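Those sequence lines, one after another, are chains A and B.
Following full-length UniProt numbering, the residues of the first sequence are numbered contiguously, the last one being 231.
Following full-length UniProt numbering, the residues of the second sequence are numbered contiguously, the last one being 477.
Beta carbons are placed, not taken as given, at the ideal position from N, Cα and C, and that holds for glycine.
In this text the structure is predicted, and so the values were computed from the model without any measurement.
To keep things clear, I will list the structure first and then write my remarks on it.
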Amino acid sequence: MADRQAFLQKIAHKLGRPTPTQVNRPRWTRHPWDHLCQGLTQSELVDQFEQELSALTGEVVRISTLQELPEAVSRWIQEEGCKRIVAWQHPSAAGQVLTETLNQLRDIHTTYWSSSAGREALIAAAEQADLGLVVAEHGLAETGTVVLYNRGEQGRLVSLLPTTCGVILHGSQIIPRLTQVLSQFKGIVPDYSCINLITGPSRSADIEMDLSIGVHGPGRIVVFLIDDHLS
Amino acid sequence: MSLSNPLPFKQRVEQGLNDPFLRQSLKNAQARFREGKQRAAQILGNLEEWRTRAEAIRHHTIEHLDYYLDQFATNVENNGGTVFFAETEQEAVDYLIRLAKAKQAKTVIKSKSMVSEETHVNKRLEEIGVEAIESDLGEYIIQLAKEMPSHIIAPAIHKNRRQIAQLFAEVAGKELPEDTSALTRFARHQLRDKFLNADIGISGCNFAVAETGSIVLVSNEGNARLTTTLPKTHVVMMGMERIVPTWEDLDAVLSLLPRSATGQKITSYVTALTGPRRENDQDGPEEMHVIIVDNGRSNALGTEYQSILHCIRCGACLNVCPVYRHIGGHAYGGVYTGPVGAVLTPILEGFDEWEELPYASSLCGACTETCPVKIPLHDMLIDLRRDEVDEKRSPGVERFIFRLFGTAMNNPALYRLGLKMAKHLLKPFADDEGFLNKGPGPLKAWTEERDFPAPAKESFREWWQRAGRYGGDPDGR
């Protein structure tokens with residue numbers, strides 16, 4: 001069995017030097033991504049996010065304020081005929097509004113992801129749900145991506161097992177691209193064992209290059225986008 | 001490595017050349033991927049700057065690989081994960097087998113992992129009675145067909161819809177329509193159950209981030225997410241070179257990977273995993289094991305082939321290669337196909353089974369030109385050929401002829417004599433247009449594939465002596 005030191009020493013030997021105890025990383029004065037999505041107003045970033053996600057068949061429901069979220073979400077759920085929902089309990093204001101909204105819906109069964117509920121029951125609920133509702137930390141304008149931090153009441157499977165993934169996102173939280181979110185990760189990932197960047201529905205082109213949607217994950221993604229950046 | 005296709009190289013090539021569906025689908029796929037990549041490059045506007053940065057990051061990382069692996073492993077352990085360093089295929093699989101036995105595993109679900117292909121994990125698990133199921137749709141198809149991937153990002157590109165429907169029908173025990181959405185629905189339904197009941201999930205690792213000990217996985221289907229969320233034990237199989245120092249460095253390679261592969265700006269899912277589930281988490285694995293695999297990769301370190309370890313497995317070189325287009329992935333025989341396979345496989349495993357691979361190239365340089373991390377693939381193919389000659393692996397007749405040629409080139413009188421003789425000796429074999437299409441002796445192998453120009457009636461040297469510097473034109477002074 002190779003032990004760690006022997007494994008690393010072999011590499012050092014092949015590279016013709018001892019294993020370094022310190023490394024000077026190259027410092028860059030500029031980056032190849034500097035020009036991407038720069039100089040756009042927040043409104044332009046939000047519009048680009050919408051365009052990019054729509055191009056991938058993602059749906060965007062624009063909502064003017066947080067106060068209008070309950071009505072918009074309820075209407076969407078009724079119109080689409082969702083019966084079983086699984087949802088995050090997110091500590092943000094939007095998360096609380098979402099919980100209150102779902103609690104008031106009649107004839108609809110909602111399971112909240114919870115660190116105190118049984119794992120098997122939660123998985124079964126997510127597996128049978130028509131809609132999984134989550135709250136995004138960020139949106140990325142360049143790609144139409146939503147960024148989800150998973151832990152505790154914010155289960156990973158809520159955005160994965162139901163047939164549709166629903167995401168609450170504030171316009172003010174849309175940032176230009178991957179760069180701005182990755183720059184925060186060093187401090188954030190130790191607190192979250194899983195972070196997901198989701199861009200459009202689950203897709204595959206493995207059968208004769210023919211695009212197929214909903215292979216393993218949701219076949220639909222809908223983003224309830226609160227235009228708080230305009231206020 | 002045992003070949004899934006045990007035929008010799010030339011017969012594997014023949015098989016590829018005689019499969020019209022394969023050739024057409026490769027042509028279509030290459031065109032689509034290539035156009036996608038070009039569009040993505042246009043949108044970026046400064047692709048060369050990206051390539052230069054990505055190359056610099058990969059170069060720095062591999063030059064300090066031991067340092068970053070140590071940092072990564074320490075951070076994985078601090079996050080509650082377990083790290084195992086496997087120098088060989090045997091060590092990697094033995095660790096996995098021990099783990100499977102300890103967990104009393106009955107089924108293992110896998111998301112795409114080239115390292116697990118390389119180490120024949122499925123076969124070894126089957127030997128101890130553990131069912132291993134591929135969850136990537138393309139990988140699932142080729143698993144049912146008992147084949148290897150023929151493309152890094154489109155493993156089942158060689159299969160047509162009818163063949164896929166037949167493979168699925170065997171599982172279903174009934175006929176299935178030859179329709180993409182019906183077939184996909186069947187696979188989804190079939191695999192959901194497997195996910196929910198699997199004891200262990202095995203994933204690959206697109207990138208490992210040293211500064212936090214995180215694993216980054218990209219997928220379009222979401223199967224990597226299911227694999228790493230549902231089973232109670234998650235095993236990551238990563239090639240030791242799959243590392244980046246920081247999240248900032250990840251930006252460059254993660255942005256280039258999908259753009260170079262399919263032209264997508266980003267894949268549907270990018271997942272960052274840092275250790276197993278935490279105290280209050282209900283989903284995610286209870287244990288995370290990371291197996292860091294050498295398996296021949298260190299053969300490249302400190303040599304002129306070191307930069308092959310820069311590869312980010314985007315498959316862009318496959319998508320531009322004229323040889324790959326004609327012969328398909330299986331002709332390469334190994335897990336890694338196309339130009340990168342022709343370079344990497346002999347480095348990982350030596351020339352013994354793979355001495356033809358460096359010759360499976362037209363040396364047009366398209367692979368080098370397209371590589372997002374600037375690996376000089378076609379130069380390496382020439383260097384590998386040189387190494388084979390140095391090891392006296394080229395045919396004896398060829399070596400004799402080149403020795404003869406070398407002697408003649410060093411001796412003007414011999415050279416002149418040789419030219420004269422060649423002219424007369426080859427004359428009977430030339431056609432009306434002055435080409436040999438059925439050459440004698442050592443020229444036979446060449447003229448089997450292409451024509452060879454017969455020596456001119458008057459050699460350049462003879463012409464020069466006759467006409468001199470005035471170019472043979474009496475009025476041209």
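Among the residues of chain A, those whose CB is under 9 Å from the CB of proline 245 (chain B) are Val23 and Arg25, following chain order. Between isoleucine 347 (chain B) and tyrosine 68 (chain B), the CB-CB gap reaches or exceeds 7 Å. One finds Gln282 and Asp283 in chain B with Cβ atoms closer than 9 Å to the Cβ of tryptophan 113 (chain A), taken in chain order.
Fewer than three pairs of CB atoms, one per stretch, sit closer than 8 Å, so the segment 367-380 of chain B makes no contact with the segment 179-192 of chain B. One thing to note: leucine 144 (chain B) has its Cβ within 7 Å of the Cβ of leucine 167 (chain B).
As a beta-bridge residue in DSSP terms, histidine 170 (chain A) pairs with A:Ile226. Straight-line measurement puts the Cα of proline 453 (chain B) at about 11 Å from the Cα of aspartate 432 (chain B). Put simply, of B:Arg259, B:Leu254, B:Arg185 and B:Glu279 the residue whose alpha carbon is nearest the alpha carbon of valine 270 (chain B) is B:Leu254. Between leucine 105 (chain A) and chain B, the shortest Cβ-Cβ separation is not below 7 Å. Among the CB atoms of chain B, one or more fall inside 7 Å of the CB of arginine 156 (chain A). Within chain A, the residues whose beta carbon sits less than 7 Å from that of lysine 265 (chain B) are Glu142 and Thr143, listed in sequence order. Residue state for methionine 240 (chain B) is assigned as coil, using DSSP reduced to three classes. The beta carbon of glycine 334 (chain B) is closer than 6 Å to those of Gly341 and Thr345 in its chain, skipping five residues each way along the sequence.
Residue state for histidine 138 (chain A) is assigned as strand, using DSSP reduced to three classes.
Nearest Cα to proline 231 (chain B) within the set B:Met240, B:Ser111, B:Tyr305 and B:Asn280: B:Ser111. In this structure, cysteine 321 (chain B) lies away from cysteine 371 (chain B), with their beta-carbon atoms at least 7 Å apart. Non-local beta-carbon contacts of aspartate 179 (chain B) in its own chain, meaning distances under 6 Å to residues more than five positions away in sequence, are absent.
Put simply, of B:Asn78, B:Arg386, B:Pro245 and B:Asn18 the residue whose alpha carbon is nearest the alpha carbon of valine 23 (chain A) is B:Pro245.
Partner residues in the beta bridge of asparagine 196 (chain A), as assigned by DSSP, are A:Leu148 and B:Thr271. Under a 10 Å Cβ-count criterion, glycine 214 (chain A) is classified as buried, with 16 or more other Cβ atoms of the shown protein chains found around its own Cβ. Cβ contact annotation for isoleucine 128 (chain B) (same chain, cutoff 8 Å, sequence separation greater than five): Ile97, Ala100 and Lys101, in chain order.
Under DSSP, glycine 132 (chain A) shares a beta bridge with A:Val86 and A:Cys165.
Among the CB atoms of chain B, none fall inside 7 Å of the CB of proline 18 (chain A).
In its chain, beyond the 5 residues on either side, Thr229, Pro276 and Arg277 have a beta carbon closer than 7 Å to the beta carbon of glycine 284 (chain B).
Separation of isoleucine 123 (chain A) and glutamine 42 (chain B) (C-alpha to C-alpha, rounded to the nearest whole angstrom) is 43 Å. Contact between the segment 137-157 of chain A and the segment 203-213 of chain A is not established, with fewer than three Cβ pairs separated by less than 8 Å.
Partner residues in the beta bridge of methionine 288 (chain B), as assigned by DSSP, are B:His234.
Interface residue (Cβ-Cβ distance to chain A less than 7 Å): asparagine 220 (chain B) is classified as such.
Sixteen is the threshold: since fewer than 16 other Cβ atoms of the shown chains lie within 10 Å of the Cβ of arginine 27 (chain A), the residue is exposed. Serine 268 (chain B) has its alpha-carbon roughly 28 Å from the corresponding atom of threonine 82 (chain B). Annotation: leucine 56 (chain A) is outside any beta strand (DSSP E) and is labelled neither H nor E by DSSP.
As the crow flies, the alpha-carbon of alanine 87 (chain A) is around 29 Å from that of glutamate 134 (chain B).
Within the same chain, and ignoring the five residues on either side of asparagine 197 (chain B) in sequence, the residues whose Cβ sits closer than 8 Å to its Cβ are Thr107. The segment 100-107 of chain A and the segment 137-144 of chain A do not touch, with fewer than three beta-carbon pairs separated by less than 8 Å. Residues of chain A whose Cβ lies closer than 7 Å to the Cβ of tyrosine 67 (chain B) are, in chain order, Thr19, Pro20 and Val23.
Taking a Cβ-Cβ cut-off of 8 Å, the neighbours of glutamate 63 (chain B) in chain A comprise Leu15, given in sequence order.
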